[in-house]
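*Asks:* Numbering (our numbering), first residue to last: 20 to 545.
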Ligand code: AMP
């Protein structure tokens, strides 16, 4: 089996010299075992039971042997689409042990996106759930007609059962700390996914440093309420950070209050850390009036979309938790407030490490004066230097000095705190889910056969609603028809338009691009 060999993102010696003092030799293949881990200690709780480190270590080893027997080799990529379930942990650690690279796909992705991922990574295997929340991932895999093994955590039908995997004992060769350990997806990517290669070194650093900065130790529990494939829940310090420490993880099947609140009640004998997007925090606040919950001793990291200070304060008052704010991206930049700081609700705080260089730049990428708005650019020990492969974004999103251009607007105040204020491009952020108009528009055009534009309409709860502007009265279609047509084409649910607006024509800018700002401004006149 020959997947691509994900290139080490930054082999340049200059980078390892600069970050050598914070990067260590920790390999993610050591998760679940090693001298710092008590095999009898509980590692993970789900709604199906609890697993000790020893149990998960043996499971990961069995799966690693089984994947090897299926032909998966070191440096092969494995697309993993599993929700917040125990198999996510064991499959990822099995991949790390082989030296294979898990590509972490959100559970919400559908045939269009999974097909692109398998192609773009030349995946050596696909690991999926069976029937999950009424959606059959086996049918999805079948529709793709893959020639690589498909492994199912659940009833496998014609595919391979994860529970049956096994093979002869093997000694795994240790990776190099600078090797790619896992691949994350950039939010809102288009037909060519932006694949984010994270190395053992930079991810291991992120796990350790975020825990240190938030005061999280092995006595804590991390509650994964949002999908674990999200960098925020996976590694800030998240699931992998707590497992690295030897602490406990609770996997909630979802972030809804009726799913997460009982788990908080059950596990609150230890301090809990969890991560939410602002819209979800609002829902938790609203539901606390109806559902019994006490979040005293819980720290809720909130980020992923713009937020309102008043609503964060209301959440602290209603839930009894401590809220911290974060700005972060799967590409690695992280800035956040710390739980003890009195102004923790006022801004996105400070960078993860003193070696991070956050700067704000103008349209020509020159740094602006302190306190002025501009684009957030970052270089640092957890931030990548390029996407995987020869993606065109490698020339536009990174400069020669290694700064990553985030596409986000922000300012850094006189105290050095970051404030984030929207995007410099048209990326839609719907409750933390990112949708690129350039991704959805071709799908819509193909589905309804008329010219369309997609834009994010400001929304008080979700941040943005997805609006599809159609340049003709597409044969009387309404938004439900369009959503159904996109769903049938295999487009992920979270991208489906919330509104359909018929316009006489699609306005263009002076350089001929669709003028989404003008379209959105036109909505105010209606
Ligand atoms: P992702 O690609 O899913 O990791 O999402 C990263 C993006 O989420 C950033 O580029 C921002 O656009 C957005 N984001 C993250 N944190 C914040 C925040 N605190 N405020 C506003 N937007 C945010």
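Don't be surprised by glycine CBs; every beta carbon is placed ideally from N, CA and C.
None of these values were measured; they are calculated from a predicted model.
Tell me which same chain residues have a C-beta within less than 6 Å of the C-beta of residue 279, skipping the five on either side of it?
*Replies:* Once the five neighbours on either side are set aside, the close Cβ partners of residue 279 are 244, 271.
*Asks:* Alpha carbon to alpha carbon, how far is residue 316 from residue 134? Give it in angstroms, no decimals.
*Replies:* Computed Cα separation, rounded: 42 Å.
*Asks:* Helix, strand or coil for residue 245 per DSSP?
*Replies:* Looking at residue 245 - three-state DSSP - the assignment turns out to be coil, as it is neither helix nor strand.
*Asks:* Going by CA-CA distance only, name the one from 281, 428, 341, 87 that's closest to residue 306.
*Replies:* Selected option, being the one with the closest Cα: 281.
*Asks:* On the premise that residue 297 lies in contact with residue 324, defined as a C-beta separation below 8 Å, what is that separation, rounded to the nearest angstrom?
*Replies:* That pair is a contact at about 5 Å.
*Asks:* Measuring straight from C-alpha to C-alpha, what distance separates residue 118 and residue 88?
*Replies:* Answer to the nearest angstrom: the Cα atoms are 14 Å apart.
*Asks:* Can you give me the C-alpha to C-alpha distance between residue 23 and residue 177, rounded to a whole angstrom?
*Replies:* Its pLDDT being 43, under 50, residue 23 is placed unreliably by the model, and the measurement read from it follows with that caveat. Each residue's alpha carbon lies about 27 Å from the other.
*Asks:* As an exercise, report each continuous alpha helix (DSSP H) stretch of at least 4 residues that is fully enclosed by the stretch 397-449, in chain order.
*Replies:* Listed in chain order, they are 412-415.
*Asks:* For the beta strand (DSSP E) that residue 64 lies in, which residues bound it at each end?
*Replies:* Element bounds for residue 64: 61-65.
*Asks:* Do you know whose CA, among 391, 500, 329, lies nearest residue 430's CA?
*Replies:* The option with the nearest alpha carbon to residue 430 is 391.
*Asks:* In this structure, how does DSSP classify residue 156 when only helix, strand and coil are distinguished?
*Replies:* DSSP places residue 156 in helix when its eight states are reduced to three.
*Asks:* Cβ of residue 348 versus every heavy atom of the ligand AMP: is any distance shorter than 7 Å?
*Replies:* Yes.
*Asks:* So for residue 357, helix, strand or coil by DSSP?
*Replies:* Residue 357 falls in the coil class under three-state DSSP.
*Asks:* Check whether the stretch 398-407 touches the stretch 211-219, counting contact only when three or more Cβ pairs, one atom from each stretch, lie closer than 8 Å.
*Replies:* The stretch 398-407 is in contact with the stretch 211-219.
*Asks:* If the criterion is Cβ atoms closer than 8 Å, does the pair residue 170 and residue 150 meet it?
*Replies:* No, Cβ-Cβ distance for residue 170 and residue 150 is not below 8 Å.
*Asks:* In whole angstroms, give me the CA-to-CA distance for residue 417 and residue 423.
*Replies:* Each residue's alpha carbon lies about 5 Å from the other.
*Asks:* Hey, quick one: how far does the alpha helix (DSSP H) through residue 106 stretch, first residue to last?
*Replies:* Note, residue 106: alpha helix (DSSP H), 105-117.
*Asks:* Take the Cβ of residue 148 as the centre, count every other Cβ of all protein chains shown within 10 Å, and call the residue buried at 16 or more, exposed below.
*Replies:* Classification of residue 148: buried, given that the 10 Å Cβ count is 16 or more.
*Asks:* If we require 4 or more residues per run, which alpha helix (DSSP H) segments fall completely within the stretch 223-284?
*Replies:* 250-254, 257-264, all fully within the stretch 223-284.
*Asks:* Spell out the partners DSSP gives residue 483 in its beta bridges.
*Replies:* Answer by DSSP bridge pairing, in chain order: 477.
*Asks:* Flag this pair as yes or no: are the beta carbons of residue 376 and residue 399 separated by less than 8 Å?
*Replies:* Yes, they are a contact pair.
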